[in-house]
Amino acid sequence: MKITINGKIHELDSSQHLSSVIKGCGAKPEHIIAELNGKIIKQDQWDAVSIADGDQLELVTFVGGG
Numbered sequence: 001m002k003i004t005i006n007g008k009i010h011e012l013d014s015s016q017h018l019s020s021v022i023k024g025c026g027a028k029p030e031h032i033i034a035e036l037n038g039k040i041i042k043q044d045q046w047d048a049v050s051i052a053d054g055d056q057l058e059l060v061t062f063v064g065g066g
């Protein structure tokens, strides 16, 4: 199955939940905003959302600074 994450195509072995994909990217979930196919997915829904072939995922990381 192929999905696009932040503009790059990635291959997954099988269907996964959004939370698994985010963890697989090595990102810290507490610092991530996830947009799946143009819709923001709240963090408390990540375990319930399945990723499908052709999905487009954008992960935005917030970093503090000055």
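Numbers 1 to 66, taken from the working numbering, label the letters of the sequence shown in order. Where is the CB? At the ideal position from N, CA and C, for every residue including glycine.
- Listed in chain order, the non-local C-beta contacts of C25 below 6 Å within the same chain number zero, local neighbours out to five positions each way being set aside.
- With respect to the 9 Å criterion, T4 and L59 are not classified as neighbours on the basis of their beta carbons.
- DSSP places K2 in the uninterrupted beta strand (DSSP E) bounded by 2-5.
- Leaving aside the five residues that flank H17 on each side, the residues in its chain whose CB is nearer than 8 Å to its CB run, in chain order, W46, D47, A48, V49, S50, I51.
- A direct Cα-to-Cα measurement between I33 and S20 gives close to 15 Å.
- For I51, there is no enclosing alpha helix (DSSP H), as DSSP marks it with neither H nor E.
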